[in-house]
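Working notes, beginning with the structure itself.
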Amino acid sequence: MLKSKTFVKKTRSGGVMKIVREHYLRDDIWCGSEFCVECKHDSTVLQKEAVIESDLCSSPHYIIPDTNVVLHQIDILEDPLIKNVIVLQTVLQEIRHRSAPVYKRIKDVIHTAAKHFYTFTNEHHRETFIEREQGESANDRNDRAIRTAAQWYSEHLKKAPDAQDLKIILLTNDKANKQKAEECGLSAYKCEEYIKSLIANPELVDRLALSSDDINEITTGKVLFPEHLPLSRIQAGIKSGSLLQGTFRASRDNYLEATVFIQGDGEDSTEVLIQGLQNLNRAVHQDVVAMELLPREAWASPSSLVLLDEGPKADSENLEEENVVRGRLPDNALLKPTGKVVGIIKRNWRPFCGMLSQSHIKEATRHLFTPADRRIPRIRVETRQAATLAGQRIMVAIDGWPKHSRYPNGHFVKALGNAGDKETETEVLLLEHDVPHQAFSQLVLSFLPKMPWAITEEVIRPVHLYTLCCNAMVRTLSGSFHRLAFSCIWEVNQDAEILHTRFTKSVINSKASLTYAEAQMRIDDSNMNDDITKSLRGLNRLAKILKKKRIEKGALTLSSPEVRFHMDSETHDPVDLQTKELKETNSMVEEFMLLANISVAQKIYDEFSECALLRKHPAPPLSNYDILNKAAKSRDVVVQMDSAKALADSLDRAQIKDFPYFNTLLRILATRCMMQAVYFCSGMDSDFHHYGLASPIYTHFTSPIRRYADIIVHRLLAVAIGADCTDPDLLDKHKRSALCNNLNYRHKMAQYAQRASVALHTQLFFKSRGVLNEEGFILFVRKNAIIVLIPKFGLEGTVFFESKDKITPPLTFNEEGPTLTVQNHTFHLFDRVKVTISLDSSNIQHQKIRMSIIEPVIPGVSVDPPEMEPQTKKARLNP
Numbered sequence: 001m002l003k004s005k006t007f008v009k010k011t012r013s014g015g016v017m018k019i020v021r022e023h024y025l026r027d028d029i030w031c032g033s034e035f036c037v038e039c040k041h042d043s044t045v046l047q048k049e050a051v052i053e054s055d056l057c058s059s060p061h062y063i064i065p066d067t068n069v070v071l072h073q074i075d076i077l078e079d080p081l082i083k084n085v086i087v088l089q090t091v092l093q094e095i096r097h098r099s100a101p102v103y104k105r106i107k108d109v110i111h112t113a114a115k116h117f118y119t120f121t122n123e124h125h126r127e128t129f130i131e132r133e134q135g136e137s138a139n140d141r142n143d144r145a146i147r148t149a150a151q152w153y154s155e156h157l158k159k160a161p162d163a164q165d166l167k168i169i170l171l172t173n174d175k176a177n178k179q180k181a182e183e184c185g186l187s188a189y190k191c192e193e194y195i196k197s198l199i200a201n202p203e204l205v206d207r208l209a210l211s212s213d214d215i216n217e218i219t220t221g222k223v224l225f226p227e228h229l230p231l232s233r234i235q236a237g238i239k240s241g242s243l244l245q246g247t248f249r250a251s252r253d254n255y256l257e258a259t260v261f262i263q264g265d266g267e268d269s270t271e272v273l274i275q276g277l278q279n280l281n282r283a284v285h286q287d288v289v290a291m292e293l294l295p296r297e298a299w300a301s302p303s304s305l306v307l308l309d310e311g312p313k314a315d316s317e318n319l320e321e322e323n324v325v326r327g328r329l330p331d332n333a334l335l336k337p338t339g340k341v342v343g344i345i346k347r348n349w350r351p352f353c354g355m356l357s358q359s360h361i362k363e364a365t366r367h368l369f370t371p372a373d374r375r376i377p378r379i380r381v382e383t384r385q386a387a388t389l390a391g392q393r394i395m396v397a398i399d400g401w402p403k404h405s406r407y408p409n410g411h412f413v414k415a416l417g418n419a420g421d422k423e424t425e426t427e428v429l430l431l432e433h434d435v436p437h438q439a440f441s442q443l444v445l446s447f448l449p450k451m452p453w454a455i456t457e458e459v460i461r462p463v464h465l466y467t468l469c470c471n472a473m474v475r476t477l478s479g480s481f482h483r484l485a486f487s488c489i490w491e492v493n494q495d496a497e498i499l500h501t502r503f504t505k506s507v508i509n510s511k512a513s514l515t516y517a518e519a520q521m522r523i524d525d526s527n528m529n530d531d532i533t534k535s536l537r538g539l540n541r542l543a544k545i546l547k548k549k550r551i552e553k554g555a556l557t558l559s560s561p562e563v564r565f566h567m568d569s570e571t572h573d574p575v576d577l578q579t580k581e582l583k584e585t586n587s588m589v590e591e592f593m594l595l596a597n598i599s600v601a602q603k604i605y606d607e608f609s610e611c612a613l614l615r616k617h618p619a620p621p622l623s624n625y626d627i628l629n630k631a632a633k634s635r636d637v638v639v640q641m642d643s644a645k646a647l648a649d650s651l652d653r654a655q656i657k658d659f660p661y662f663n664t665l666l667r668i669l670a671t672r673c674m675m676q677a678v679y680f681c682s683g684m685d686s687d688f689h690h691y692g693l694a695s696p697i698y699t700h701f702t703s704p705i706r707r708y709a710d711i712i713v714h715r716l717l718a719v720a721i722g723a724d725c726t727d728p729d730l731l732d733k734h735k736r737s738a739l740c741n742n743l744n745y746r747h748k749m750a751q752y753a754q755r756a757s758v759a760l761h762t763q764l765f766f767k768s769r770g771v772l773n774e775e776g777f778i779l780f781v782r783k784n785a786i787i788v789l790i791p792k793f794g795l796e797g798t799v800f801f802e803s804k805d806k807i808t809p810p811l812t813f814n815e816e817g818p819t820l821t822v823q824n825h826t827f828h829l830f831d832r833v834k835v836t837i838s839l840d841s842s843n844i845q846h847q848k849i850r851m852s853i854i855e856p857v858i859p860g861v862s863v864d865p866p867e868m869e870p871q872t873k874k875a876r877l878n879p
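Residues 1 to 879 (UniProt numbering) are what the sequence shown spells out, left to right.
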């Protein structure tokens, strides 16, 4: 059956366009139930034994949730207890438009066979499709569609001989929808009353998201925060320019401070400073907010104070102190545009990992949850499992944040395991950084070739066999195997000048499998003169020429303290920690990978100027170099920042006699000044330049095994050389741009997850080491602390000079230096210090590396060096 709707639409040119929309209705869509005798289908989803023990409904039943129940109670629907659920097409379509994360989660549940969730396409079923009535809102029409489908199911399954007792239950928290359903003879319940009626799992109640009525019940009292503006006023304010829209970014170092990033065109993006709890106004990290700029005389400078929210506070406590940020005195040269949050445009709430802080009140069910991420505020939750969850990592979701409450309200999602356990902490860091780590589905695995797999003669015949190409040199290929590759092949002369470049699908047969260290040993050993070693030396010579040319063009050689863990083969715990040592062979491989990436970038851009996937590195604004400039001046060194070439040359000249590590420290700071490199679509941008590599064009081609961007580049290159055919999506610049945005987000989160993993393994390493004393250098100076880099371990830590447990010594902070005077000693950037290093596990959730000053000796501040272990002392006495 075909239904069509015709309407006219005015075009931009002023003409009239006739549009016809066709909607096909069918009568062969099956209901999915084992009970049914009318619908014919090979497999069923909804079970005959549809029994969930409930005080409200003792007979077998299927559940139909409405849109808001799926949106807000997805944690409930994911529980193994909830089975035999009918998810209507109407509901799925609404979810898809309103929340991409919930849409993905409900789709995952639908595809879980054990859950028995069935998608019924009611919008294409002849007996369940309804037209929207005149004057009816879209929301009311969808509610009516849901009731119509529920009623059809109820009547349809009554025809089955074994389904006389089967009931269809509509779950809705909408009072009007519930009342109308009951008037139609349907069984309709609020989600909360149905879940509370379940006998098998009373703890499921803890996972209920709070409704607005529940939130208002929990938080009564005085108003603590300003009212948020309604969306209509926000939209009008943004349109008129009186309000600004941006992404809220909470500070890691100061819980009373945040910035709002306002996206502009090109380099016009700006950041606005927010200070004080009332001005933060219940915004949570990564929310999209509306904000109002304060008058210029109320602008402030960012706080130089490290200020952490160390303990929970009651709503009744005075917030005055927390509405003013303690930090530096206003400095006109450092003032930033400052504002206040006046409304929330889009919440970015997700389930957060952390730990429960049990209430001191006996038999209490309301407790505070402390997130692992310090940028997220504590959350009030109601649970009857507090004693069981003590000492465990759990997940909690936010439901709302009323103006009467110091903290948002939320609900328990699930337990992850014991805090401090390596597997649990690894799970936490993956979840917190949104790194997908579930096992691949059978659908994905079905695309893999059947094993054992081998390259056949049919595959080899069309391509040439190359023994040397860029792919043969990259992560350690096994010898004596044919392997498929995508090769970038250059013909070069003795001066590393490229005479010819070609790209081809190829088969390679690697002659050796070498680590960087093994390859370096061959190059350095003058007694080794076999063909492989000679080839390595030749490649190394060419790589050095290529690197010299890049540096002459202005490529930067920066520094970042990377660490390497040596793991116990049985426990997989770290047994040693040291900075990663880079060899000539690392640079050799890097040079050819860079050259391949540049060559491929130019090729795909020449072929697809509107949709090439490229990577750029924007030049940092001069303000980014503030700390680098101060650090250089503090040692009477001049660093030019006019261009990448000027910066590279001045970094090369920045040397201090008897302080060889100074140059490395300066390069580490220069790295911190850089902008993030990003993927982009060539048809959506005009600035292609890669600042760090001093290259006019760049992409990622060499690592498809670990980067999705490289796979897309491979597809574009394959089309460019005629090795593959294209599809419309590949050449759609808008879809390519959306993909680039996702790639940039995933890349950033992967970087953060990597840093968190290094921090976790560093903590595990020091857990059994007791207290160590090591030399380090001051990397940053704060108002109440110094941040110290330990070169031996590539480790950074903070030495605090403020403590609640003891009297704080006199501190004098000079922002211009920057310097910090503690009693009579002044700390400067790059000063050499000696510190103790230990693991502070007093807070099991936020375990951290603690550092204390040994040298210089400051009375009442410095600590005595720890006693050496007996074996260490003996080794020093008897070298």
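Note that beta-carbon positions come from the ideal geometry of N, C-alpha and C, so glycine has one too. Bear in mind the structure is a predicted one, so any value in this text is a computation, not a measurement.
Listed in chain order, the alpha helix (DSSP H) elements of length 4 or more contained wholly in the UniProt domain "PIN" (61–179) are 67–72, 74–77, 89–98, 100–110, 138–158. Ranked by Cα distance from Leu647, the options Thr370, Gln751, Ala555, Glu297 are led by Ala555.
The segment 47–63 makes contact with the segment 161–170: 3 or more CB pairs, one atom from each, lie closer than 8 Å. Pro202 carries a helical assignment under DSSP once its states are collapsed to helix, strand and coil. If you ignore the 5 residues before and after Glu203, its C-beta comes within less than 8 Å of the C-beta of Arg384, Gln385, all in its own chain and listed in chain order.
C-alpha of Ser768 to C-alpha of Phe801: approximately 26 Å in a straight line.
Counting the other CB atoms within 10 Å of its CB gives Lys115 a total of 16 or more, which places it among the buried residues.
Contact holds between the segment 591–603 and the segment 690–704, because three or more Cβ pairs, one in each stretch, are under 8 Å apart. Less than 8 Å divides the Cβ of Asn409 from the Cβ of Arg380. Shown here for Gly417: same chain residues with a beta carbon closer than 8 Å to its own, the five before and five after excluded, namely Gln392, Arg393, Glu423, Thr424, Glu427 in chain order. Counting along the chain, Ala236 sits inside the alpha helix (DSSP H) bounded by residues 231–240.
Spanning the alpha carbons of Ala387 and Pro351 requires a straight line of approximately 21 Å.
Each of Ala176, Gly32, Met675, Lys733 was checked against the Cα of Met684, and the nearest Cα belongs to Lys733.
In the structure shown, Arg706 falls within a coil segment according to DSSP collapsed to helix, strand and coil. With fewer than 16 other beta carbons inside 10 angstroms of its own, Phe481 counts as exposed.
Annotation for Ile344: the continuous beta strand (DSSP E) segment containing it runs 338–346.
Going by beta carbons, Val799 and Ile853 fall inside the 8 Å limit. Contact between the segment 539–553 and the segment 604–612 is absent, with fewer than three C-beta pairs closer than 8 Å. A distance below 8 Å separates the beta carbons of Lys834 and Glu775. The bridge partners DSSP lists for Phe793 come to none.
In the same chain as Thr671, and ignoring 5 residues on each side of it, the C-beta atoms closer than 7 Å to its own belong to Leu558, Ser559, Ser560, in chain order.
Met588 sits close to Leu539, with the two beta carbons spaced by under 8 Å. For Leu666, the CB contacts under 6 Å within the same chain, skipping 5 residues up- and downstream, are Ala654 in chain order. The alpha carbon of Thr836 has as its nearest neighbour, out of Asn773, Gln845, Pro859, the alpha carbon of Asn773. Of Asn529, Asn254, Leu760, Val70, the smallest CA-CA separation from Asn784 is found for Asn254. Between the C-alpha atoms of Leu760 and Val396 there is a straight-line separation of about 22 Å. Judged by beta-carbon spacing, Val272 lies within the 8 Å limit of Thr338, meaning their Cβ atoms are closer than that value. Looking at the DSSP output, Val288 sits in a beta bridge with Thr247, Lys346. Each residue's CA atom was taken as its position, placing Val758 and Tyr752 some 10 Å apart. For Thr259 against Arg252, the beta-carbon gap comes to about 12 Å, at or over 8 Å, which does not count as contact. Bounds of the alpha helix (DSSP H) holding His734 are 733–767.
By the Cβ neighbour-count rule, Ala517 is exposed, with fewer than 16 other Cβ atoms within 10 Å of its own.
Taking Ala419 as reference, the option from His411, Ile376, Asn742, Leu356 with the minimal CA-CA separation is Leu356.
The Cβ atoms of Val109 and Leu243 do not sit closer than 8 Å to each other. Put simply, the backbone Cα of Arg483 is about 5 Å away from that of Ile508. Residue burial is scored here from C-beta neighbours: Trp401 has at least 16 other C-beta atoms within 10 angstroms and is therefore classed as buried.
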